[in-house]
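Following: one structure in structure tokens, then a few remarks.
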Amino acid sequence: MPVSKETLDEVALSEKEYQLIVEKLGREPSEVELGMFGSLWSEHCGYKHSKALLRQLPSKSKRVLVKPGEENAGAVDIGDGLVVVMKIESHNHPSAIEPYQGAATGVGGIVRDIFTMGARPIALMNSLRFGPLTDAHNRYLFGGVVGGIAGYGNCLGIPDVGGEIYFADCYAGNPLVNALCLGIARADKLVKARAYGEGNLLMLVGADTGRDGLHGASGLASRTFEEERELRSAVQVGNPFLEKLLIEACLELAETDWITGMQDLGAAGLTSSAVESASRGGGGIEIDILKVPRREKGMTPYEVMLSESQERMLVVVKKGYEGKVKALFDRWELRSDIIGHVTGDGLARIREGEKVVAEAPVNLLTSSPVYRKRVKKPEWLNKLQDFDVTSIPDLSRKNASSTLLRLLASPNITSKRWVYRQYDHQVGNNTVVLPGSDAAVLRIKETKKAISLTTDGNGRYCYVNPYLGGIVAVAEAARNLACSGAQPLAVTNCLNFGNPEKDDVYYQLKECIDGMARACRDLKIPVISGNVSLYNETKGEAMYPTPVVGMVGVIDDVAKHCTSGFKNEGDLVFLLGDSQTIDSSIGSSEYLELAHGIIKGNPYIDLEMEIRLQRCCLEAIRRGLIKSAHDCSDGGLGVALAESCLASGLGFSSYDLEAEGRLDATLFGEAQSRIIVSITPKSVWKLERLATRYNIAATKLGAVGGNRLILKGYIDLSLKQLGEAWWNGLEKLL
Amino acid sequence: MKFGIIIFPGTWSDRDCHYAINDILKQKAQYIWHKETDLSGYDCVILPGGFSYGDYLRSGAIARFSPVMSALEHFNSQGKLVIGICNGFQILCESGLLPGALLTNDHLQYRCQWTHLKTENTSTAFTSQCQHGQVLKIPIGHYEGRYYADDATLDELENDRRVIFRYSTPAGKITESANPNGSMNNIAGIINKKGNALGMMPHPERACEPLLGSSDGNIIWESIIASI
Chain A
3 MPVSKETLDE VALSEKEYQL IVEKLGREPS EVELGMFGSL WSEHCGYKHS KALLRQLPSK
63 SKRVLVKPGE ENAGAVDIGD GLVVVMKIES HNHPSAIEPY QGAATGVGGI VRDIFTMGAR
123 PIALMNSLRF GPLTDAHNRY LFGGVVGGIA GYGNCLGIPD VGGEIYFADC YAGNPLVNAL
183 CLGIARADKL VKARAYGEGN LLMLVGADTG RDGLHGASGL ASRTFEEERE LRSAVQVGNP
243 FLEKLLIEAC LELAETDWIT GMQDLGAAGL TSSAVESASR GGGGIEIDIL KVPRREKGMT
303 PYEVMLSESQ ERMLVVVKKG YEGKVKALFD RWELRSDIIG HVTGDGLARI REGEKVVAEA
363 PVNLLTSSPV YRKRVKKPEW LNKLQDFDVT SIPDLSRKNA SSTLLRLLAS PNITSKRWVY
423 RQYDHQVGNN TVVLPGSDAA VLRIKETKKA ISLTTDGNGR YCYVNPYLGG IVAVAEAARN
483 LACSGAQPLA VTNCLNFGNP EKDDVYYQLK ECIDGMARAC RDLKIPVISG NVSLYNETKG
543 EAMYPTPVVG MVGVIDDVAK HCTSGFKNEG DLVFLLGDSQ TIDSSIGSSE YLELAHGIIK
603 GNPYIDLEME IRLQRCCLEA IRRGLIKSAH DCSDGGLGVA LAESCLASGL GFSSYDLEAE
663 GRLDATLFGE AQSRIIVSIT PKSVWKLERL ATRYNIAATK LGAVGGNRLI LKGYIDLSLK
723 QLGEAWWNGL EKLL
Chain B
12 MKFGIIIFPG TWSDRDCHYA INDILKQKAQ YIWHKETDLS GYDCVILPGG FSYGDYLRSG
72 AIARFSPVMS ALEHFNSQGK LVIGICNGFQ ILCESGLLPG ALLTNDHLQY RCQWTHLKTE
132 NTSTAFTSQC QHGQVLKIPI GHYEGRYYAD DATLDELEND RRVIFRYSTP AGKITESANP
192 NGSMNNIAGI INKKGNALGM MPHPERACEP LLGSSDGNII WESIIASI
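Chain order of the listed sequences is A and B. Note that this note's numbering numbers the first sequence so that position 334 is 336, with each residue one more than the last. Note that this note's numbering numbers the second sequence so that position 137 is 148, with each residue one more than the last.
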């Protein structure tokens with residue numbers, strides 16, 4: 003073999019894959035071609051280990067306009083001639099190496115995916131995972147990531163409306179940084195990332211090309227992590243000001259009919275954007291890399307084609323319109339250069355002046371092998387799932403109050419205000435429900451509608467039971483939307499897993515996707531876009547399998563949105579859904595880990611009941627029966643009630659509680675399918691009748707009022723005590 | 012009555028201002044590209060928030076050299092109204108139309124939150140529709156909003172009652188904990204000597220509808236409209 007193992011390692015291709023390329027090309031690939039194959043066949047671009055599994059996810063509904071993989075992001079119809087464009091993407095590995103720039107460029111990349119389609123970005127969210135903040139390096143990563151998201155996102159004028167943050171030991175060497183962006187476009191103005199029409203021109207816009215980010219796709223995103231420090235140069239540096247200019251200029255361009263497509267330069271830079279556009283357009287492309295403006299001297303064709311310099315766009319300009327397009331970019335003080343054209347021969351031809359340095363069929367470059375593996379449940383999983391609740395002592399009455407305070411102050415549950423107040427979440431004049439509730443709500447101007455947006459993904463559940471964890475991730479996201487009064491419309495997901503070449507990890511990946519697929523099918527919510535981040539491990543240890551579900555829903559009348567805080571003294575509080583205490587529901591709970599240091603036991607969900615519950619809640623909100631609705635999740639009933647008090651500044655007093663089962667499970671168990679609602683006393687009968695119709699239990703818990711949280715006989719705390727624990731929990735750890 | 016909204020490269024409150032004035036207050040507002048030099052025809056010009064030129068050097072330090080700024084100076088010297096919000100306030104200070112400077116927040120973080128502003132002077136073109144001492148609920152969103160001026164300037168501002176808004180508690184008390192960024196004397200907004208240029212860090216255009224949490228920002232626009 004004429005190519006060394008080191009060279010193949012560098013481009014993350016196996017020897018077998020190399021042989022396949024030689025066979026299909028009928029010759030040895032050139033250096034540039036090898037680099038292009040390596041990137042496009044990487045997990046990041048080619049999804050070779052996950053593609054077969056991802057097909058399980060449902061992606062169709064009447065409203066879906068763009069499905070996963072078709073374009074840079076998925077699109078779903080929200081009526082009134084408008085579409086929502088949405089995607090979530092990871093920037094885990096760059097953030098582990100350089101947290102500020104890694105997170106910043108993660109935001110930049112996902113925003114480009116949205117405006118590339120002609121949609122104005124109107125909301126950002128982030129789903130983050132870190133190691134414990136007791137460790138200085140984790141605090142550095144946490145501060146850097148939050149700073150990077152704030153620094154980049156704030157400069158763009160796109161509100162960052164929420165997300166989630168969890169901490170666990172397993173994320174210490176490998177934080178997760180997932181960024182979601184949502185945009186709005188007019189249905190008739192959606193731009194496709196397609197290069198077609200022989201003779202049409204390829205125009206590169208924005209930043210100059212440098213050596214930054216070489217091997218991002220094949221190296222950082224597709225390899226495990228020992229060699230991370232050497233790869234520091236693989237992290238790019240962001241320029242949010244340039245991105246802001248690109249947003250405005252490209253959205254202006256999207257209004258014209260001067261182009262056939264737009265595509266941002268992300269992972270694998272010019273290689274993937276040009277080749278993938280050509281693949282979608284069904285033609286070929288020819289690029290002269292001498293025409294690519296450079297940031298530094300002496301760059302080789304290989305470096306130019308694989309650079310991941312940020313803030314660059316590839317625009318396919320209809321022949322004859324290049325002057326107009328250039329003038330538009332000139333006005334925004336953006337550099338634009340014609341670097342090539344569309345051909346009809348189905349080849350990706352890269353020239354350096356007259357010399358051809360790469361020439362390969364587009365459909366070969368984009369046809370990475372698809373791997374399937376047999377799955378076998380790992381032995382160790384049985385041990386995690388076999389959890390006998392009676393092996394631990396129950397919570398004593400006298401410790402109930404102090405345990406609630408500890409839970410409220412614990413990193414996973416405590417308020418994330420310290421983070422979100424650093425993000426501009428109001429710019430755009432659309433944010434109706436600010437960060438801190440179950441879901442963010444943004445109104446859509448010029449309509450009565452609003453969209454509701456949330457992210458969810460409990461890594462601990464997925465670690466103990468990937469299938470159930472996958473179901474819960476989807477169910478809980480949908481429940482969050484239901485609590486805001488929104489009908490779920492679509493999912494975007496980011497699958498953060500370890501090395502899929504390992505049997506255990508592949509099992510987790512498959513089971514998790516199966517669980518998500520099941521929940522998406524049953525709840526009738528299609529997946530419209532997503533991203534896979536594999537090889538998340540440090541020193542051979544995989545982190546929790548962590549699927550993150552981003553979900554958008556629509557509220558037909560924004561005036562009828564609902565929030566989690568109690569509203570008025572004297573309102574009655576009901577628990578909708580699972581009313582019996584299930585002792586095993588403390589399995590894998592925050593409480594179990596906090597109080598006993600145990601991470602074991604299956605999460606508990608009844609998907610059938612979940613669906614009925616969400617429908618019931620939605621109808622109750624639409625009919626105006628409910629004044630507040632809050633998802634009962636991490637930390638169980640005790641935490642959910644405390645949060646509804648803290649969000650409003652109103653207290654709560656329970657009726658006599660009959661603790662039928664264990665006290666710990668009653669107060670802090672995490673049985674799914676439960677929503678805490680408050681209503682006026684005169685609506686009781688209507689709510690009960692509605693609940694009966696959906697075959698959902700509606701259990702009266704107590705009444706809103708006073709300035710204490712009282713669960714008779716168990717918990718009695720002032721709002722001041724609760725607030726001290728919850729509002730300041732995170733800051734105290736920093 | 013016609014408002015002009017200047018767009019510098021990197022401005023992002025332009026659309027929010029446009030929405031508040033056109034859609035909520037049903038007045039006329041038009042965008043002005045920063046390279047334009049003719050401001051005749053406008054009654055009030057807005058410098059909106061954002062990160063002009065990325066604020067890479069110092070907030071507003073580059074934008075002040077935009078062609079529109081000399082036209083703005085002339086416009087203002089003729090007695091026409093100018094309001095700078097957030098980045099716009101920073102640009103007005105950089106250009107010398109307003110005294111003082113806006114430094115990095117004392118906690119060194121960007122801060123987006125609701126604030127309460129006590130109206131300190133209701134006999135200006137920007138506050139005539141406010142009640143005496145009225146507290147307005149208007150949000151902030153900035154990294155460099157800590158108002159600073161030397162002692163002489165500060166004394167002059169205070170003596171001339173040119174401090175228009177101060178960060179306060181919801182009840183109107185001027186306290187340290189109500190100050191979100193460490194501004195001297197809790198200053199949130201000031202006017203120039205002639206009283207026809209206002210700079211303020213909070214975003215009145217964001218507080219334009221009860222649905223968004225407050226419509227108190229409209230009082231400022233209504234005052235401007237009433238004064239023309």
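Every residue, glycine too, gets a C-beta built ideally from N, C-alpha and C. It should be emphasised that the depicted structure is a prediction, and the values quoted were computed from it without experimental measurement.
Query, Result
"Quick check on C634 (chain A): does DSSP put it in helix, strand or coil?", "coil"
"With a cut-off of 8 Å, does the C-beta of C618 (chain A) fall near any C-beta of chain B?", "no"
"Relative to the C-alpha of L525 (chain A), which candidate in A:M611, A:N180, A:V237 has its C-alpha closest?", "A:M611"
"For R423 (chain A), which of helix, strand or coil comes out of DSSP?", "coil"
"In whole angstroms, what is the alpha-carbon distance linking G461 (chain A) and G471 (chain A)?", "8 Å"
"Please classify T211 (chain A) as buried or exposed, where buried requires at least 16 other C-beta atoms within 10 Å of its C-beta.", "buried"
"Spell out a yes or no on whether the segment 552-566 of chain A and the segment 451-470 of chain A are touching, meaning 3 or more CB-CB pairs, one atom from each, closer than 8 Å.", "yes"
"Decide if I230 (chain B) is buried, meaning its Cβ has at least 16 other Cβ atoms within 10 Å, or exposed.", "buried"
"For A77 (chain A), which residues from the same chain have a beta carbon less than 6 Å from its beta carbon, with the 5 sequence-adjacent residues on both sides left out?", "L67, V68, V85, V87"
"With DSSP as the reference, identify every bridge partner of A700 (chain A), one or two as the case may be.", "A:L578"
"Span of the beta strand (DSSP E) holding N730 (chain A)?", "Counting along the chain, N730 (chain A) falls outside any beta strand (DSSP E), though it belongs to the alpha helix (DSSP H) covering 721-735."
"Look at the alpha carbon of E381 (chain A) and the alpha carbon of I341 (chain A), and state the distance between them as a whole number of angstroms.", "55 Å"
"Cutting at 6 Å between CB atoms, please list the residues of its own chain near R445 (chain A), excluding the five before and the five after it.", "N432, V434, A452, V560"
"What does Y42 (chain B) pair with, by DSSP beta-bridge criteria?", "B:I16"
"Classify H46 (chain A) as helix, strand or coil using the three-state DSSP reduction.", "helix"
"Check N604 (chain A) in the structure and name its three-state DSSP category.", "coil"
"Using only the alpha-carbon positions, how far apart do T130 (chain B) and G731 (chain A) sit?", "34 Å"
"To be precise: take each residue of the segment 62-84 of chain B, compare its Cβ to all Cβ atoms of chain A, and keep it if any distance is under 8 Å. Which residues remain?", "F62, Y64, G65, D66, Y67"
"Cβ closer than 8 Å: which chain A residues qualify as neighbours of G21 (chain B)?", "C157, F243, K246, L247"
"Ignore the nearest five residues each way along the sequence and tell me which others in E220 (chain B)'s own chain have a CB closer than 7 Å to its CB.", "I35, S226"
"With 8 Å set as the bound, which would you pick, yes or no: does the beta-carbon of R423 (chain A) sit closer than that to a beta-carbon of chain B?", "yes"
"List the whole-angstrom C-beta distance separating I681 (chain A) from F568 (chain A), where the pair is believed to meet the contact cut-off of C-beta under 8 Å.", "Actually they are not in contact, since the Cβ atoms of I681 (chain A) and F568 (chain A) sit about 11 Å apart, beyond 8 Å."
"Given A136 (chain B), which residues of its chain have a CB within under 7 Å of its CB, disregarding the five upstream and five downstream residues?", "L92, G206, N207, S234, I235, S238"
"Out of curiosity, what's the CA-to-CA distance linking E595 (chain A) and V493 (chain A)?", "30 Å"
"My understanding is that V443 (chain A) touches I557 (chain A), with C-beta atoms under 8 Å, so please give their C-beta distance in whole angstroms.", "7 Å"
"Helix, strand or coil: which one does DSSP assign to S32 (chain A)?", "coil"
"Listing by chain order, which chain B residues have their CB less than 7 Å from the CB of N428 (chain A)?", "First, the residue type needs correcting, since residue 428 (chain A) is Gln and not Asn in the sequence shown. Near Q428 (chain A) (Cβ distances below 7 Å), the residues of chain B are C123, P150, G152, R217."
"Interface residues of chain A around Q120 (chain B) at Cβ under 7 Å?", "Q424"
"Mind pulling the chain B residues with CB within less than 7 Å of A152 (chain A)?", "Y121"
"Under 8 Å, Cβ to Cβ, is there at least one residue of chain B near V78 (chain A)?", "no"
"At what residues does the alpha helix (DSSP H) containing A112 (chain B) begin and finish?", "Run containing A112 (chain B): none in the alpha helix (DSSP H); it sits in the beta strand (DSSP E), 112-114."
"Assuming I151 (chain A) is part of the alpha helix (DSSP H), what are its boundary residues?", "138-158"
"Quick one: what does DSSP say R231 (chain A) is sitting in, helix, strand or coil?", "Since pLDDT at R231 (chain A) reaches only 47, below the 50 mark, its modelled position is unreliable, and the value read off the structure follows with that caveat. Three-state result, R231 (chain A): helix."
"When Cβ atoms are compared, which residues of the segment 329-350 of chain A fall closer than 9 Å to chain B?", "R333, W334, E335"
"In chain order, which continuous runs of the alpha helix (DSSP H) of length 4 or greater are located wholly inside the segment 666-701 of chain A?", "686-695"
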